[in-house]
Every structure is written in C-alpha cells, then in structure tokens.
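Asker: Quick one: the structure is below, questions incoming.
Protein chains: 2
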Amino acid sequence: MNTVRPLRQDAVRNRERLLSAARETFRRRGLDAPLEEIARQAGVAIGTLYNRFPTRGDLIDAALGPLARQAAQIAEQAARADDPWAGFASFLEGVCELLAEDRGYADLHRTRIGGTPEIDSALQRMSVLKTAIVARAKTAGVLREDVEPSDLVLLMWGVAATADSTRDIAPDAWRRHLALLLDGLRPAAAHPLPAPPLTFRQLRNSAPG
Amino acid sequence: MNTVRPLRQDAVRNRERLLSAARETFRRRGLDAPLEEIARQAGVAIGTLYNRFPTRGDLIDAALGPLARQAAQIAEQAARADDPWAGFASFLEGVCELLAEDRGYADLHRTRIGGTPEIDSALQRMSVLKTAIVARAKTAGVLREDVEPSDLVLLMWGVAATADSTRDIAPDAWRRHLALLLDGLRPAAAHPLPAPPLTFRQLRNSAPG
DNA sequence: GCATAACTTGAGGGCGTCCTCATGTTGTGC
DNA sequence: GCACAACATGAGGACGCCCTCAAGTTATGC
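So the protein sequences, as listed, match chains A and B. Once you know that position 182 of the first sequence is 182 in this note's numbering, the rest is easy, because the numbers rise by one and skip nothing. To convert, count from 1 in the second sequence and add 209; that's this note's numbering.
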C-alpha cells in the first residue's frame with residue numbers, strides 16, 4: 001500500500017493530450033476506434049499510448065469517466081423534478097441526447113465495459129435512480145404499470161441505433177423516435193405486452209456484439 | 210445479347226453450397242462476415258468463392274434474394290388484411306421478426322446494398338406497400354396522423370438493434386419493445402412530435418455505419 | 001478416349017490493426 | 001551539472017482479412 005509516485009511533467013502533458021484525443025475519437029468512431037489514430041491525433045507515438053494505458057479498457061475508463069458522471073447527474077436532476085412525468089421524460093431525453101452525441105458513450109452504455117470504480121459507480125448510481133424514477137412515475141399514475149426499468153434500457157438502445165444511423169443527415173431524428181416511444185409509455189396507451197421484461201441477469205449477459 | 214453458357218455440374222454444386230453457407234453465416238454474423246469463413250463452411254477454397262461471386266455484393270444479392278421476397282410477401286399479406294390496424298401491426302411484426310432472426314437481413318435493411326434487380330424490386334415493392342398500409346390505417350383512424358412511412362423505418366432499426374443485443378439471451382424481448390412502440394402509434398396516445406419526419410432523400414443517405 | 005475449356009486450388013502479397021521492446025531522450029533530485 | 005530513473009519512440013512481428021493468379025484438376029463435346 002505504497003503511495004503512487006507522481007508522473008513526470010511531460011508524461012502528464014502527454015496523458016492529457018491522449019485523453020483529449022481519445023474522447024474526440026471515441027465520440028466520433030466508437031469505442032473500437034483504432035488506437036493508432038488516437039495516438040496520431042494526440043501527436044504522440046503509439047508506444048507512449050500503451051505506456052500510459054496498457055489496455056484499451058484503461059483508456060476508455062479514463063476518457064469516459066466524466067461522461068458517465070454526467071449521465072448520473074442527468075438522472076439525479078430527473079429524479080428531483082417536480083413533475084414525475086417530466087422527470088421521467090427528461091431522464092430518457094437526457095440520456096438519449098448523450099447517446100446520440102457520443103458514439104463512444106453509446107458503446108459504453110451497451111456493453112458496460114467500465115472496469116474503473118468511477119464508471120462502475122456512476123452507472124450503478126444511474127441504475128438506482130432509474131428505478132426510482134420509474135417507481136415514482138408509476139405511483140403518480142403517469143407511467144403504465146407494466147413497464148420495468150429494464151425496458152428503458154432496451155428502448156434507449158433502440159433510440160441510440162436510430163441516432164447512429166441518422167446522425168450525419170438529421171441529427172434530431174431520434175427525438176421523433178423517442179417521442180413516439182414516450183407516447184407508448186403512458187398509461188392511457190397501454191395494451192398488454194407480449195413478453196416478460198428482461199431480468200437483470202439477462203441484461204448483464206446481453207450485447208457483446 | 211448472347212445466351213449465358215450453363216455452369217458445369219460441379220460448379221453448380223459448389224455454387225449451391227456457397228449460397229447455403231452464405232445464408233447461414235450472414236444470418237449469424239451479419240453481412241460483413243469473413244468470406245473465408247463462408248468458403249470454409251461450404252467446403253470450398255476461397256478462390257472458388259471469388260470465382261463464382263467476384264464481389265461481396267454479388268454473394269449478398271444471390272444469398273439474400275429469397276429473404277427480400279419474403280419481406281415483400283409479408284407486406285402484401287399485411288396490406289390485404291381485413292382490419293387496417295391488424296394489417297399495420299402485422300407488417301411491423303413480420304418485418305421485425307425477419308430482422309430479429311437474421312442479422313444479414315437486418316444489415317441489408319439498414320444499408321440497402323442490393324444491386325441485383327431481384328432485391329431492388331422486392332425492397333421497392335415493400336416500400337410502396339408500406340406507404341399504402343400506413344395510408345389505409347390513417348384513413349381508418351387507427352393510426353396517428355403525424356407518423357410517416359419513414360418513421361417506421363427508424364422504429365424498425367431500433368427494434369432490430371434491441372433484437373440484436375438480446376437475441377442470445379431472450380429471443381422474444383424485441384416483441385415487448387415493438388408492443389410499446391405500437392401503443393405509441395395509436396391516435397389516442399398522440400402528443401405533438403418534436404421534429405419533422407425524415408425525407409426519402411435523407412433516408413437514402415443515412416446509415417453506412 | 002482425347003482435347004480443351006471450364007473450373008478449383010491455395011500460396012502469397014497487400015493492408016490495417018494490435019502490441020512489444022530495444023534504443024534513444026529527457027526530466028528530476030542530489 | 002551529473003546520474004539515473006522515468007519516459008518516448010517507431011520499427012517490426014503477429015494476426016486476420018482481402019483479393020489475385022499461376023498451376024493443377026475435371027467435366028464435356030466430339
């Protein structure tokens with residue numbers, strides 16, 4: 001349990017540059033973007049990248065931590081909203097906005113790679129808040145009773161997919177998709193659902209594709 | 210305009226095997242599956258594959274033609290249904306079923322690669338029928354007025370994405386997603402939509418990802 | 001059966017990406 | 001300013017995939 005030796009100044013600078021390049025590249029190309037491109041954009045040799053971040057996961061964790069925190073913050077704000085429906089809707093809209101703007105975050109959201117405590121705890125916190133937001137909306141009678149938090153995950157994956165396909169051509173098209181979904185989530189619209197909701201276990205094991 | 214010389218018998222057999230392997234592999238791995246895997250599964254050298262199908266597109270066209278026809282058939286049946294809503298819903302459900310079962314068809318649907326007349330005309334026919342199905346449901350008053358055929362494309366992409374992520378773990382999860390969407394498409398549920406629908410032009414230029 | 005065109009084969013060059021490591025460079029503490 | 005640990009570098013091996021082509025094999029028509 002010895003103290004971590006501080007980085008040398010040039011190393012700090014290069015780390016900064018790498019993170020900035022990683023954020024940008026992951027945002028545009030997703031989490032499986034070539035690492036060599038990130039190094040090039042950072043103006044640094046590929047070896048330096050591997051020096052600082054031995055695995056892709058390490059770089060992802062360091063680069064996307066802030067985004068995960070931002071997502072948790074969105075959930076917190078939504079949970080505190082005066083109107084339960086407005087809170088519920090703004091949660092979905094806020095997260096989908098992140099998903100639409102950042103391919104990297106969308107990948108993270110889908111595959112939950114996060115190994116670092118920072119990301120894990122942020123995602124955990126968001127998950128808890130999501131459950132609370134759903135519960136509050138249900139008891140207020142503004143959300144249909146038969147939807148579960150796990151459904152929201154599926155729906156957000158769907159919105160992320162349309163956002164992905166239309167990003168370059170109509171960056172707001174996903175809002176239409178989401179609006180239709182929201183209308184389907186209101187109690188007035190409810191017709192019986194044909195399949196059981198996903199369990200947490202199922203959700204954990206899905207989507208490495 | 211000379212007649213095409215018939216293939217040699219062994220060539221015919223290899224072609225058959227290649228198509229069968231391609232259907233299977235595309236179904237499981239999507240349209241960018243390694244061609245070498247298809248050749249291997251067909252029990253044929255890679256050169257033979259390139260001999261018969263010079264480009265990936267050629268192979269896709271030949272392998273997925275039947276599926277495109279099947280999709281058009283689904284649309285035809287849906288257009289002929291007695292109940293306009295049932296027809297509309299069965300169109301979405303039928304196409305989504307294809308998308309969920311076959312990653313290759315989902316890719317085709319997203320990227321519209323088809324160069325062969327067979328696929329092109331099938332997709333074309335489906336597009337026309339889709340418009341008719343939407344129109345009929347609207348005039349019957351069972352579908353909200355502000356949705357356009359192009360919206361259905363987006364929604365289906367979304368369902369395909371969730372199907373993709375849950376295929377191995379809960380093969381019917383997408384039905385829940387679709388059911389929620391359908392509820393959002395009913396006139397009773399309608400709240401104003403926040404963005405204009407995609408134009409055909411926009412749809413054509415989207416999603417090479 | 002034979003000649004020949006049709007077909008098959010798989011080694012191999014090209015490419016992009018991953019990751020390592022020997023070598024060279026630079027910041028830091030004394 | 002020196003010495004040394006910390007760091008940076010980029011060539012290069014490994015891998016998987018693409019696609020070609022010279023050489024070998026086989027079906028087909030006579």
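In this text, a Cβ means the ideal position worked out from N, Cα and C, and glycines have one as well.
Would you please verify whether the beta carbon of B/R237 is less than 8 Å from any beta carbon of chain A?
Answerer: no
Asker: DSSP three-state label for A/S76, please.
Answerer: In the sequence as presented, Ser is not what sits at residue 76 of chain A; that position holds Glu. The answer is helix: DSSP assigns A/E76 an H, G or I state.
Asker: So which residues on chain B does A/S206 lean against when the C-beta distance must stay under 8 Å?
Answerer: S374, T375, D377, I378 and A379
Asker: Helix, strand or coil for B/E354, going by three-state DSSP, please let me know.
Answerer: coil
Asker: Mind listing the chain A neighbours of B/A398? Cutoff is C-beta to C-beta under 8 Å, in chain order.
Answerer: D183, G184, R186, A188 and A189
Asker: What distance in whole Å lies between the Cβ atoms of A/A122 and A/A68, which are believed to be in contact at a cut-off of 8 Å?
Answerer: 4 Å
Asker: How many angstroms separate the CA atom of A/L198 from the CA atom of B/T348?
Answerer: Between A/L198 and B/T348, the C-alpha separation is close to 36 Å.
Asker: Taking the continuous alpha helix (DSSP H) assigned at B/H386, which residues delimit it?
Answerer: Judged by DSSP secondary structure, B/H386 falls within the alpha helix (DSSP H) whose first and last residues are A382 to L394.
Asker: Closer than 7 Å by beta-carbon distance: list the chain A residues that pair up with B/T371, in chain order.
Answerer: L154, W157 and G158
Asker: Quick check on DSSP: helix, strand or coil for B/T348?
Answerer: helix
Asker: Would you mind telling me which residues of chain A sit closer than 8 Å to B/D360, beta carbon to beta carbon, in chain order?
Answerer: R176, H177 and L180, listed in chain order.
Asker: Please return the same chain residues whose Cβ sits closer than 7 Å to the Cβ of A/E36, not counting the five positions on each side in sequence.
Answerer: I46
Asker: Can you list, in chain order, the residues of the region 310-344 of chain B whose Cβ is nearer than 9 Å to any Cβ on chain A?
Answerer: R312 and R319
Asker: Output the boundary residues of the alpha helix (DSSP H) element that contains B/P422.
Answerer: Absent from the structure is residue 422 of chain B, since the part of chain B shown begins at 210 and ends at 418.
Asker: Check whether the region 116-132 of chain A and the region 212-226 of chain B are in contact - that is, three or more C-beta pairs closer than 8 Å.
Answerer: no
Asker: Would you say B/P263 reaches chain A, if we count a Cβ-Cβ gap shorter than 8 Å as a contact?
Answerer: no
Asker: So, is the C-beta of A/L67 closer than 8 Å to a C-beta in chain B?
Answerer: no
Asker: Is the CB of A/P34 under 8 Å away from at least one CB in chain B?
Answerer: no
Asker: Pair every Cβ in the region 173-184 of chain A with every Cβ in the region 84-100 of chain A, then say whether three or more of these pairs are closer than 8 Å.
Answerer: yes
Asker: Would you say A/A89 faces chain B, with C-beta separation under 8 Å as the test?
Answerer: no
Asker: For a quick check, are the C-beta atoms of B/T375 and B/P358 less than 8 Å apart?
Answerer: no
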